[in-house]
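Residue numbers (the working numbering): 77 to 143.
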């Protein structure tokens, strides 16, 4: 199955292939809690991860307000 995903602000978008995701994990940081983010509890290998073309050159560091 192929999934489409993005960062919190939507600036970084990507897709990944995975068996159907039936369970998730919750991050407890304030941003994820406010947005209701759900994370896959499954590891996604690099070979199954595809950054979208417009997102490839972004270098965002958590906490820098780049996202």
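Don't be surprised by glycine CBs; every beta carbon is placed ideally from N, CA and C.
Within the same chain, and ignoring the five residues on either side of residue 80 in sequence, the residues whose Cβ sits closer than 6 Å to its Cβ are 91.
Comparing alpha carbon positions, the residue from 128, 101, 126 closest to residue 118 is 101. For residue 106, there is no enclosing beta strand (DSSP E); the residue is found in the alpha helix (DSSP H) stretching over 106-111. Taking each of 107, 97, 104 in turn and checking the Cα distance to residue 116, the smallest one comes out for 97. Judged by DSSP secondary structure, residue 81 falls within the beta strand (DSSP E) whose first and last residues are 78-82.
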